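Undergrad: Residue numbers (full-length UniProt numbering): 1 to 240.
Cβ coordinates follow ideal geometry from the N, Cα and C atoms, glycine included.
If you're wondering where the values come from, they're calculated on a predicted model, not measured in any experiment.
Next up is a structure, given as structure tokens.
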């Protein structure tokens, strides 16, 4: 299923903080509230975890060695194109620091020292808004499809699709990384009155030109004798 679709009921957070004592307090408290927690002592490790896991929010300290919180947040927004909520922790009280954080893409701030209960409820509010947005949104790698708005983006660039291509892409994302047979797609789009020509093959070709051709990593694949799939880890693609 598309990466951005959240099904777990337990909230899961990523804490990025290089102060071990503060980290232990936060992790212990949030786990007591029933949250799942991952912890990174550096910005570099945090980005690795974000590439491989789904979270409801990121708790991000600003003052870290090597890669500070501003840099991590900017990378999350500009390079990874993730819309996950970011709550920044800071010992700074200057307005310009908060403005810099918002410019980098932060959603909220807490100034140290803070009450752990307040942190928890701020995270709950951020997660609730985020997951409401995700109910009709799907993401696989850098490909995003917003079903409600009818928008498709890859690497931040909007892609204009016809109604049929949009329906095909949505069906493939919903089943990803599984295969959707040609028969399923034809019935899903045209019902009991399929087109006389090989319209599905033509539309899939157009999808590939728009979704994959401009980019190094290929997401769309045809599987000989079976159907089509969207799978960033697929090893082979068979021509029609």
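My assumption, with CB atoms under 8 Å, is that residue 142 sits in contact with residue 176. Please give the rounded CB distance.
TA: Within the chain shown, numbered from 1, the residue matching residue 142 stands at position 142. Within the chain shown, numbered from 1, the residue matching residue 176 stands at position 176. With a Cβ gap of about 14 Å, residue 142 and residue 176 do not count as contacting.
Undergrad: Can you grab the Cα-Cα spacing for the pair residue 67 / residue 136, in whole Å?
TA: By 1-based counting over the chain shown, the position of residue 67 is 67. By 1-based counting over the chain shown, the position of residue 136 is 136. Roughly 34 Å separates the two Cα atoms.
Undergrad: State buried or exposed for residue 11, treating a residue as buried only when at least 16 other CB atoms are found within 10 Å of its CB.
TA: Position 11 of the chain shown, counting from 1, holds the residue named residue 11. So residue 11 ends up on the buried side.
Undergrad: What would DSSP say about residue 51, mapped onto helix, strand or coil?
TA: By one-based count along the chain shown, residue 51 stands at place 51. It is helical.
Undergrad: Taking 6 Å as the limit between beta carbons, can you name the residues of its chain near residue 18, skipping five residues before and five after?
TA: Counted from its first residue, the chain shown places residue 18 at position 18. Result list for residue 18: 41 and 64, in chain order.
Undergrad: For residue 92, does the three-state DSSP call read helix, strand or coil?
TA: Here residue 92 corresponds to residue number 92 of the chain shown, with the count starting at 1. It is coil, neither helix nor strand.
Undergrad: Figure out for me which residue from 94, 203, 169 and 39 has the closest Cα to the Cα of residue 138.
TA: Position 138 of the chain shown holds residue 138. Minimum Cα distance to residue 138 is reached at 169.
Undergrad: Classify residue 91 as buried or exposed, calling it buried when 16 or more other Cβ atoms lie within 10 Å of its own Cβ.
TA: Taking the chain shown and counting its residues from 1, one reaches residue 91 at position 91. Under this definition residue 91 is an exposed residue.
Undergrad: Alpha carbon to alpha carbon, how far is residue 79 from residue 227?
TA: By 1-based counting over the chain shown, the position of residue 79 is 79. By 1-based counting over the chain shown, the position of residue 227 is 227. Cα to Cα, residue 79 sits roughly 32 Å from residue 227.
Undergrad: What are the start and end residues of each continuous beta strand (DSSP E) run of 3 or more residues lying completely inside the UniProt domain "Response regulatory" (12–127), in chain order?
TA: List check, beta strand (DSSP E) in window: 12–16, 36–40, 57–61, 86–90 and 108–111.
Undergrad: Specify whether the region 115–123 and the region 41–61 touch according to this definition: at least 3 beta carbon pairs, one from each stretch, less than 8 Å apart.
TA: Enough Cβ pairs lie closer than 8 Å, so yes.
Undergrad: Nearest CA to the CA of residue 131: which residue from 158, 164 and 85?
TA: For the purposes of this step, residue 131 is taken as residue 131 along the chain shown, with counting starting at 1. Ranking 158, 164 and 85 by Cα distance to residue 131 puts 85 first.
Undergrad: Using the three-state DSSP reduction, which class does residue 208 fall into: helix, strand or coil?
TA: Taking the chain shown and counting its residues from 1, the one referred to as residue 208 is at position 208. It is helical.
Undergrad: Using C-beta distances below 8 Å, list every residue in its chain close to residue 129, excluding the 5 sequence neighbours before and after it, in chain order.
TA: Taking the chain shown and counting its residues from 1, the one referred to as residue 129 is at position 129. Only 85 meet the Cβ criterion.
Undergrad: Can you name the start and end residues of the alpha helix (DSSP H) that residue 169 belongs to?
TA: Translated into the one-based positions of the chain shown, residue 169 becomes position 169. First-last of the alpha helix (DSSP H) with residue 169: 163–175.
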